[in-house]
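Sequences listed follow chains Z and A, in order. Position 40 (the first sequence) corresponds to 40 in the UniProt record's numbering; numbering is contiguous. Position 126 (the second sequence) corresponds to 126 in the UniProt record's numbering; numbering is contiguous. Before any comments, here is the structure.
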Amino acid sequence: MADGNCLISNEWICGEYVRTRGQELTDATLEHVWITLASVAIGLLVAFPLALLARRWRPVAGPVLGLTTILYTVPSLAMFSLLLPVFGVSAAVVITGLVLYSLTILVRNIMAGLASVPEEAREAARGMGYGPLRLLFGVELPLALPALMAGLRITTVSTVSLTTVGAIIGYGGLGNLIYEGMRSFFKAEVLTASVLCVALAVAADLLLLGLQRLLTPWARKSRKGTT
Amino acid sequence: MDVVAKAWTWLATGSHWAGPDGVWHRLGQHLFLTLVCLAISCAVALPIAVALGHIGKGGAIAVNISNAGRAVPTFAVLVLLLLSPLGTHGQWPTIIALVLFAIPPLLTNAYVGVSEADREVVEAARGMGMTGGQLIRRVELPLAFPLIMTGVRTAAVQVVATATLAALPGGGGLGRIITAGFRLTDTPQVVAGAVLVASLALVVEGVFVLLGLVLDPMRRRTGRRSTAARRPPADQAPASPALTT
Numbered sequence: 001m002a003d004g005n006c007l008i009s010n011e012w013i014c015g016e017y018v019r020t021r022g023q024e025l026t027d028a029t030l031e032h033v034w035i036t037l038a039s040v041a042i043g044l045l046v047a048f049p050l051a052l053l054a055r056r057w058r059p060v061a062g063p064v065l066g067l068t069t070i071l072y073t074v075p076s077l078a079m080f081s082l083l084l085p086v087f088g089v090s091a092a093v094v095i096t097g098l099v100l101y102s103l104t105i106l107v108r109n110i111m112a113g114l115a116s117v118p119e120e121a122r123e124a125a126r127g128m129g130y131g132p133l134r135l136l137f138g139v140e141l142p143l144a145l146p147a148l149m150a151g152l153r154i155t156t157v158s159t160v161s162l163t164t165v166g167a168i169i170g171y172g173g174l175g176n177l178i179y180e181g182m183r184s185f186f187k188a189e190v191l192t193a194s195v196l197c198v199a200l201a202v203a204a205d206l207l208l209l210g211l212q213r214l215l216t217p218w219a220r221k222s223r224k225g226t227t
Numbered sequence: 001m002d003v004v005a006k007a008w009t010w011l012a013t014g015s016h017w018a019g020p021d022g023v024w025h026r027l028g029q030h031l032f033l034t035l036v037c038l039a040i041s042c043a044v045a046l047p048i049a050v051a052l053g054h055i056g057k058g059g060a061i062a063v064n065i066s067n068a069g070r071a072v073p074t075f076a077v078l079v080l081l082l083l084s085p086l087g088t089h090g091q092w093p094t095i096i097a098l099v100l101f102a103i104p105p106l107l108t109n110a111y112v113g114v115s116e117a118d119r120e121v122v123e124a125a126r127g128m129g130m131t132g133g134q135l136i137r138r139v140e141l142p143l144a145f146p147l148i149m150t151g152v153r154t155a156a157v158q159v160v161a162t163a164t165l166a167a168l169p170g171g172g173g174l175g176r177i178i179t180a181g182f183r184l185t186d187t188p189q190v191v192a193g194a195v196l197v198a199s200l201a202l203v204v205e206g207v208f209v210l211l212g213l214v215l216d217p218m219r220r221r222t223g224r225r226s227t228a229a230r231r232p233p234a235d236q237a238p239a240s241p242a243l244t245t
């Protein structure tokens with residue numbers, strides 16, 4: 001039952017592993033977090049103008065939605081492999097792939113959010129002399145936040161889990177440990193990294209949920225009855 | 001862009017298509033795995049989802065399973081199953097992982113489709129004296145068909161994508177061409193394999209979109225436009241219940 005033995009007997013849960021390889025686990029988790037953060041942030045930066053563009057010019061909407069959906073269909077291993085010749089072996093491959101995946105859900109949800117803004121609210125803001133920019137950022141975006149945040153949560157959670165596939169080129173965060181553990185049949189490494197990965201996804205989801213409640217204080221009272 | 005030309009040459013070389021490591025064999029494995037797993041997951045998920053949808057309970061379970069499916073990394077599950085006692089049983093770790101990942105979209109879409117089938121129509125049918133079974137077969141299933149098909153399509157594409165990942169721990173399928181390319185540091189082969197895999201995923205998506213249109217039992221009655229409007233996009237469908245929670 002001694003802790004040191006679980007490394008030798010190759011058990012799934014091993015305190016000794018976590019203790020001795022703490023640094024490695026922290027590094028992998030940090031890499032995982034920054035790859036996810038960068039991907040989601042860039043995804044949001046790209047998706048937002050795309051969604052506005054698609055809303056302004058109807059003919060653009062079809063191709064934009066179609067293209068992002070097609071990108072979503074491409075399996076992750078293939079996506080990273082296809083980007084490999086473009087960027088070489090670097091974190092940019094993984095981040096670009098993840099950004100492309102995030103666009104499908106983000107663009108759709110931003111558009112759905114903006115479309116759900118009541119016309120009366122727009123009219124009222126226009127009547128109060130709001131210009132288009134102030135209308136967008138002052139009225140439409142706050143009202144679109146619930147849908148936007150829902151999309152952001154889905155994107156973040158799936159990005160966390162997809163990052164692991166980046167292990168194929170060595171930039172997979174916790175996925176690197178899973179890959180390494182798979183090759184050496186090291187159970188504790190695989191399980192610990194997998195559990196950390198799921199915990200990361202759940203934590204990110206809860207964090208975004210908290211952020212949403214913070215940003216939309218007006219929704220709390222009216223939503224109480226529905227959820 | 002030299003790589004693209006070389007990848008094309010790789011694809012055009014006949015010897016790469018033949019033999020046990022060839023494209024045809026890998027494609028066969030990939031399709032076989034996809035079909036088997038899709039059949040198993042449909043057999044498991046659809047009856048449960050339709051039954052739950054019919055009685056209108058279990059929505060929270062459907063949503064939670066769908067969300068959990070997104071949070072758990074496919075790759076991790078594959079490796080975990082491989083290192084478990086199951087790992088010595090050939091294809092089973094891969095098949096179980098694929099089935100696990102196909103179930104959430106199937107379950108969520110079928111549940112939402114059946115439970116949100118037009119309530120007035122369902123009430124009318126009940127008023128006409130239909131039994132529960134008749135109601136499911138003649139009213140709820142036809143109305144839910146587009147959403148159920150969306151779930152099947154999402155699941156199919158997901159299984160194709162996940163079967164690719166099965167190559168990382170040494171399983172069969174088209175992914176093997178990519179992983180073999182990585183091991184040989186042969187980038188053209190990696191790209192050629194990726195093109196094959198991506199094309200297969202797109203073809204599967206296209207086939208299921210067509211199947212959904214052709215098989216839709218409501219097609220003749222309501223016309224194509226209204227069914228198309230009812231049908232949410234692939235990724236949105238499992239997401240929509242999450243929006244309400």
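A virtual CB, placed ideally from N, CA and C, is assigned to each residue, including glycine. Here the structure is a predicted model, which is why all the values come from computation and not from measurement.
Could you tell me which chain A residues have their CB closer than 9 Å to the CB of residue i, listed as they occur along the chain?
i, result
"threonine 73 (chain Z)", "Val157, Val160, Ala161, Ala198, Ala201, Leu202, Val204, Glu205, Ala234"
"residue 231 (chain Z)", "Nothing in the structure corresponds to residue 231 (chain Z), since chain Z is present only between 1 and 227."
"aspartate 214 (chain Z)", "The sequence shown places leucine at residue 214 (chain Z), not aspartate. By Cβ distance, chain A contributes nothing, its closest Cβ being about 18 Å from leucine 214 (chain Z), past 9 Å."
"isoleucine 42 (chain Z)", "Within chain A, no residue comes near isoleucine 42 (chain Z); the closest Cβ sits about 19 Å away, beyond 9 Å."
"valine 157 (chain Z)", "Asn67, Arg70, Ala71"
"isoleucine 35 (chain Z)", "None at all; the shortest Cβ gap to chain A is about 13 Å."
Excluding five sequence neighbours on each side, which residues of the same chain lie with their C-beta closer than 7 Å to the C-beta of residue i?
i, result
"proline 104 (chain A)", "Ile65, Ser66, Gly69, Pro238"
"arginine 224 (chain A)", "Confidence at arginine 224 (chain A) is low in this model, with a pLDDT of 47, below 50, so its placement is unreliable and no value can be given for it."
"leucine 207 (chain Z)", "none"
"threonine 179 (chain A)", "Ala167, Leu168"
"residue 262 (chain Z)", "As shown, chain Z starts at 1 and ends at 227. That puts residue 262 (chain Z) outside it, with no answer to give."
"valine 204 (chain A)", "Ala156, Val157, Val160"
"threonine 226 (chain Z)", "Confidence in threonine 226 (chain Z) is poor, its pLDDT being 49 and thus under 50, which makes the residue's placement unreliable; the coordinate value appears in the next sentence. The answer is none, since no qualifying residue turns up."
Which bits of chain A does residue i rub up against, with CB to CB less than 7 Å?
i, result
"methionine 111 (chain Z)", "By Cβ distance, chain A contributes nothing, its closest Cβ being about 11 Å from methionine 111 (chain Z), past 7 Å."
Which residues in chain Z have a C-beta closer than 9 Å to the C-beta of residue i? List them in chain order.
i, result
"valine 73 (chain A)", "Rather than valine, the amino acid found at residue 73 (chain A) in this sequence is proline. Under the 9 Å cutoff, chain Z gives Val160, Ser161, Leu162, Thr163, Thr164, Val165, Leu174, Gly175, Ile178, Ser194, Cys197, Val198, Ala201."
"leucine 147 (chain A)", "The premise fails here: leucine 147 (chain A) is roughly 17 Å from chain Z at the closest Cβ pair, so nothing lies under 9 Å."
"leucine 165 (chain A)", "Pro75, Ser76, Leu77, Val165"
"threonine 150 (chain A)", "Those do not exist, as threonine 150 (chain A) stays about 12 Å from chain Z at its closest Cβ, beyond 9 Å."
Who are the Cβ neighbours of residue i in its own chain at under 8 Å, not counting the five residues just before and after it?
i, result
"arginine 122 (chain Z)", "Leu135, Val139, Glu140"
"leucine 184 (chain A)", "none"
"tryptophan 17 (chain A)", "Val23, Trp24"
"isoleucine 168 (chain Z)", "Leu77, Phe80, Ser81, Tyr179"
"alanine 147 (chain Z)", "Asn109, Ile110, Ala112, Gly113, Ser116"
"alanine 201 (chain A)", "Val157, Val160, Ala161"
"alanine 61 (chain Z)", "Ala54, Arg55, Met111"
Cβ closer than 7 Å: which chain Z residues qualify as neighbours of residue i?
i, result
"phenylalanine 208 (chain A)", "Going along chain Z, no residue has its Cβ under 7 Å from phenylalanine 208 (chain A), so there is no contact; the nearest lies around 11 Å."
"leucine 65 (chain A)", "Sequence check: residue 65 (chain A) is isoleucine here, not leucine. Under the 7 Å cutoff, chain Z gives no residues; its nearest Cβ is about 14 Å from isoleucine 65 (chain A)."
"glycine 129 (chain A)", "Here the premise fails: no neighbours, minimum Cβ distance about 34 Å."
"proline 169 (chain A)", "Met182"
"valine 190 (chain A)", "Ser81, Leu84"
Starting from residue i, find everything on chain Z with Cβ-Cβ shorter than 8 Å and list it in chain order.
i, result
"valine 3 (chain A)", "Pro85"
"valine 122 (chain A)", "Those do not exist, as valine 122 (chain A) stays about 22 Å from chain Z at its closest Cβ, beyond 8 Å."
"glycine 56 (chain A)", "Chain Z residues near glycine 56 (chain A): none, gap ~17 Å exceeds 8 Å."
"glycine 193 (chain A)", "Ala78, Ser81"
"leucine 11 (chain A)", "Here the premise fails: no neighbours, minimum Cβ distance about 14 Å."
"threonine 88 (chain A)", "Within 8 Å Cβ-Cβ: nothing; threonine 88 (chain A) doesn't reach chain Z, min ~12 Å."
So, for residue i: in the same chain, excluding its five sequence neighbours on each side, which residues have a beta-carbon less than 6 Å away from its beta-carbon?
i, result
"valine 99 (chain A)", "Cys37, Ile40, Ser41"
"leucine 200 (chain Z)", "Val160"
"glutamine 212 (chain Z)", "Met149"
"alanine 51 (chain Z)", "Val107, Ile110, Met111"
"glutamine 134 (chain A)", "none"
Determine the chain A residues that contact residue i at a beta-carbon separation under 8 Å, and present them in chain order.
i, result
"phenylalanine 185 (chain Z)", "Leu83"
"valine 190 (chain Z)", "Ala76, Val79, Leu80, Leu83"
"isoleucine 8 (chain Z)", "Near isoleucine 8 (chain Z) there are no residues of chain A at all, since even the closest Cβ is about 16 Å away, more than 8 Å."
What residues from the segment 16-42 of chain A come within 7 Å of chain Z, judged by C-beta to C-beta, listed N to C?
Answer in chain order: no residues at all.
By the 7 Å beta-carbon criterion, what residues does the segment 76-100 of chain Z contribute toward chain A?
Against chain A - using a Cβ distance shorter than 7 Å - the residues of the segment 76-100 of chain Z are Ser76, Leu77, Ala78, Ser81, Leu82, Leu84, Pro85.
Please list the segments of the alpha helix (DSSP H) lying wholly inside the segment 147-188 of chain A, counting only runs of 4 or more residues, in order along the chain.
Runs of the alpha helix (DSSP H) inside the segment 147-188 of chain A: 175-183.
Can you check the segment 55-97 of chain Z for any alpha helix (DSSP H) of at least 4 residues that lies completely inside it and give the ranges in chain order?
Entirely contained in the segment 55-97 of chain Z, the alpha helix (DSSP H) runs reaching 4 residues are, in chain order, 58-73, 76-87.
Using a Cβ-Cβ cut-off of less than 9 Å, list which residues of the segment 172-185 of chain A approach chain Z; keep chain order.
If you check each beta-carbon in the segment 172-185 of chain A against every beta-carbon of chain Z, the ones closer than 9 Å belong to Leu174, Gly175, Ile178, Thr179, Gly181, Phe182.
Kindly confirm or deny that the segment 146-162 of chain Z and the segment 3-20 of chain Z touch, where touching means at least three C-beta pairs closer than 8 Å.
Pairwise C-beta distances place the segment 146-162 of chain Z out of contact with the segment 3-20 of chain Z, as fewer than three of them are shorter than 8 Å.
Just to confirm the assignment: which complete alpha helix (DSSP H) runs, minimum length 4, are found wholly within the segment 158-217 of chain Z?
Whole alpha helix (DSSP H) segments, 4+ residues: 174-184, 187-215.
Three or more C-beta pairs under 8 Å: does that hold for the segment 8-25 of chain Z against the segment 183-194 of chain Z?
Taking one beta carbon from each stretch, the segment 8-25 of chain Z and the segment 183-194 of chain Z have 3 or more pairs nearer than 8 Å; the two touch.
Closer than 7 Å, Cβ to Cβ, to anything on chain A: give me those residues from the segment 56-70 of chain Z, in chain order.
From the segment 56-70 of chain Z, only Thr69, Ile70 have a Cβ closer than 7 Å to chain A.
Report yes or no: do three or more beta-carbon pairs, one from the segment 116-125 of chain A and one from the segment 193-209 of chain A, lie closer than 8 Å?
The segment 116-125 of chain A vs the segment 193-209 of chain A: no contact.
Report yes or no: do the segment 157-177 of chain A and the segment 36-48 of chain Z share at least 3 C-beta pairs separated by less than 8 Å?
Touching, no, given that fewer than three Cβ pairs across the two stretches are closer than 8 Å.
Residues within the segment 92-122 of chain A neighbouring chain Z, beta-carbon criterion of under 7 Å
Residues of the segment 92-122 of chain A with a C-beta less than 7 Å from any C-beta of chain Z: none at all.
Specify whether the segment 107-118 of chain A and the segment 136-151 of chain A touch according to this definition: at least 3 beta carbon pairs, one from each stretch, less than 8 Å apart.
When Cβ pairs closer than 8 Å are counted between the two stretches, the segment 107-118 of chain A is seen to touch the segment 136-151 of chain A, the count reaching three or more.
Taking a cut of 9 Å between CB atoms, which residues from the segment 137-155 of chain Z lie near chain A?
Residues passing the 9 Å Cβ filter: Pro146, Ala147, Ala150, Gly151, Arg153, Ile154.
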